[in-house]
Every structure is written in C-alpha cells, then in structure tokens.
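Have a look at the structure below, then the notes.
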Amino acid sequence: MKEKELRRSLSVFPIGTVMKLTDLTARQIRYYEEQQLIQPQRNDGNRRMYSLNDIDVLLEIKDYLAEGINMAGIKHIYEMQEQEQEKKQAALKRPVTDEDVRRIFHDELLQQGRLNNDEQGHSTLFHTHKPL
DNA sequence: ATTCTCACA
DNA sequence: TGTGAGCA
C-alpha cells in the first residue's frame with residue numbers, strides 16, 4: 001500500500017493552485033520552502049511544482065502559525081519528527097537487544113494503563129503542541 | 001497570464 | 001512579510 005504514497009508525492013500543482021488551496025501568499029509559500037519545511041520539485045521552466053504532501057504540510061504550518069507558534073518552533077516540530085523516524089528505521093535494521101525488550105514491555109504496560117483509564121479512546125498522547 | 005529572483009521610499 | 005521591477 002504505497003501506491004498511494006507515490007501519488008501524494010507527485011509534484012503536479014503550480015504555486016497559483018497551492019495559493020488558492022492553502023490561502024497563503026506566494027511569498028509565504030516560497031519562504032517556508034527556504035526554511036526547509038517543504039521541498040517542491042521544479043519543472044523544465046524552473047517553475048515550482050507542489051505535491052499533495054507539500055500542501056498538507058503547508059496547511060499544518062498555517063495551523064501552527066494560527067496557534068501562535070513561530071517559524072523556529074515549527075521547524076523544531078518537523079526536526080523532531082525526522083529524528084523519530086530515523087530512530088524507528090534504525091530499530092528495524094538492528095537486531096533486538098535486551099534493552100529493547102525491556103522498553104517494549106514497559107511501553108506495553110503504559111499503554112494498557114491508558115486504555116483502562118480512557119474509555120473514549122481519546123489519545124491525549126498526541127496533543128502536545130501547545131504554546132510554551 | 002504566471003511564476004521567478006532580487007531588492008527595498 | 002509585502003511589493004514592484006524586469007525576465008522567461
């Protein structure tokens with residue numbers, strides 16, 4: 001199931017379309033690219049072409065901005081996400097150690113505890129992006 | 001008509 | 001971030 005990922009990564013929208021979809025100015029969209037938050041492709045005419053993934057990120061950035069988070073903070077958020085993904089990928093390549101087993105058991109216990117206390121299943125776990 | 005880069009009364 | 005210039 002990564003045919004879907006492939007499509008979402010296809011750069012097919014010119015900046016004008018992205019502007020309408022995100023309600024951001026071209027200036028802002030290019031600035032966020034400068035900040036490494038998105039990496040749109042370029043076509044033969046040096047025109048930026050955005051993917052659905054790029055648009056999703058842009059929308060997220062707009063939300064974070066609306067919540068009062070500055071560029072530095074937003075960049076930190078994506079840097080963290082990258083680091084977490086690197087850890088998960090590293091874990092897949094490395095043979096499981098005793099430490100890993102302990103950690104997994106530990107997480108398992110914590111998760112069961114949450115399930116027993118949170119009937120609705122509302123994972124308050126991921127609502128960690130509040131202004132400092 | 002659109003987008004790009006660069007610069008700033 | 002906005003905006004206008006001069007290109008492609």
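When we follow UniProt numbering, the leftmost residue of the first sequence carries the number 1, and every step to the right adds one. C-beta atoms are modelled at their ideal positions from N, C-alpha and C, and glycine is treated no differently. Model, not experiment: these values are computed from the prediction.
Asked                                                                                                                                                : Found
Considering only residues of the same chain and omitting the five flanking positions on each side of Ala26, which have a CB-CB separation below 7 Å? : Ile15, Met19
Comparing C-alpha positions only, which one of Glu33, Gly68, Asn46, Glu79 sits nearest to Ile55?                                                     : Glu33
How would you label Pro40, buried or exposed, when you count the other beta carbons within 10 angstroms and need 16 or more for buried?              : buried
Arg94 by DSSP, collapsed to three states: which one?                                                                                                 : coil
List the whole-angstrom C-beta distance separating Tyr50 from Ser9, where the pair is believed to meet the contact cut-off of C-beta under 8 Å.      : Not a contact, Cβ separation roughly 11 Å.
So Thr97 and Lys62 are in contact, right, with Cβ under 8 Å, and what is the actual spacing, rounded?                                                : Not confirmed; about 42 Å, so no contact.
Which residues mark the beginning and the end of the beta strand (DSSP E) in which Arg8 is found?                                                    : Looking at the DSSP string, Arg8 is not in any beta strand (DSSP E); the run it does join, the alpha helix (DSSP H), is 3-9.
On the three-state DSSP scale, how would you describe Gln28?                                                                                         : helix
Determine, using beta carbons only, whether Leu37 and Tyr78 come nearer to each other than 8 Å.                                                      : yes
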